[in-house]
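Reading through the structure tokens given below for one structure.
Residue numbers (the numbering used here): 8 to 83.
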């Protein structure tokens, strides 16, 4: 019989460690997936790699999106 009791009386070998590992793995995977998405425009790829290894500039076209507040630059 296993005398080690951790996690508030849960015995190792009753499946708790496996469930805990799955939960932690799922949480870590969520963090990795969140980091894969581009949050800012400068994090998106601006070029594509050609089969020869060269880079070709491939920017996305600019699309104006009006915000809620009006802003201007006073050049005077």
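Where is the CB? At the ideal position from N, CA and C, for every residue including glycine.
As the structure is a prediction and not an experimental result, all values here were calculated from the model.
Item to complete: Return yes when the Cβ of residue 45 is within less than 7 Å of the Cβ of residue 55, no when it is not.
Response: no
Discussion item. To the nearest angstrom, how far is the alpha carbon of residue 72 from that of residue 79?
Written reply: 15 Å
Fill in: Collapsed DSSP secondary structure at residue 30 in the structure displayed
helix
Worksheet item: The beta strand (DSSP E) with residue 63 in it runs from where to where?
Response: 62 to 64
Fill in: Among 76, 63, 75, the one whose alpha carbon lies nearest that of residue 52
63
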